[in-house]
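In our numbering, the protein residues as written are 755 to 885. First comes the structure, then the notes that go with it.
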Ligand SMILES: [Zn+2]
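This is the structure we're talking about:
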C-alpha cells in the first residue's frame, strides 16, 4: 500500500463506518477489532501480545494483527475515488492490505452486504477500560 497517497479519514467518520457495518469486514465477513481497545488491553496485560505498534509477527497474536479495524475506499482515493461515506467500507487489515489500491472487478471483490450482528469490535470495552 502506498502510504504517501493514503488520505487520513477522520476518527469520527471511521467510527461511523465501523458502527454502520457492525464491526465486520465487508470483503471477508471477519469480525474486526478496535485498535485502541487492543492497545489498552496490552497495557493492562503486558506480554500477552494484544498489540504491537507495527504489528510485528511474533509480537502480536495473529488473530489481532490481521483483524484491526480499518476503513477502505471502495474506489481508491488514488484513482479519483470519492472521499464520502458512500465510498467507504469497513475492512480488516488483511483485506485492506490485499485490496487497498485495487478497483472492484480488477482483483478487488464487490463489498458484501452488512452483517446482522451485535459485535462491537471491543469498542464498548474501550470506555470501560480507559477510566
Ligand atoms: Zn477482511
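We treat Cβ as the ideally placed atom computed from N, Cα and C, and that holds for glycine.
- Annotation note: the region 852–885 contains the following uninterrupted alpha helix (DSSP H) runs of length 4 or greater, listed N- to C-terminal: 877–883.
- In the DSSP assignment, residue 771 falls outside any beta strand (DSSP E) and within the unbroken alpha helix (DSSP H) covering 765–774.
- The Cβ atoms of residue 844 and residue 779 lie closer than 8 Å to each other.
- In this structure, residue 781 has its beta carbon less than 7 Å from a heavy atom of ligand 1.
- Cβ contact annotation for residue 825 (same chain, cutoff 6 Å, sequence separation greater than five): 763, 768, 771 and 842, in chain order.
- The beta carbon of residue 879 lies closer than 6 Å to those of 791 in the same chain, with the five residues before and after it left out.
- In this model, residue 837 and residue 818 are separated by some 27 Å (Cα to Cα).
- With fewer than three CB-CB distances shorter than 8 Å, the region 858–872 does not count as touching the region 798–808.
- Annotation for residue 845 indicates a beta carbon within 7 Å of some heavy atom of ligand 1.
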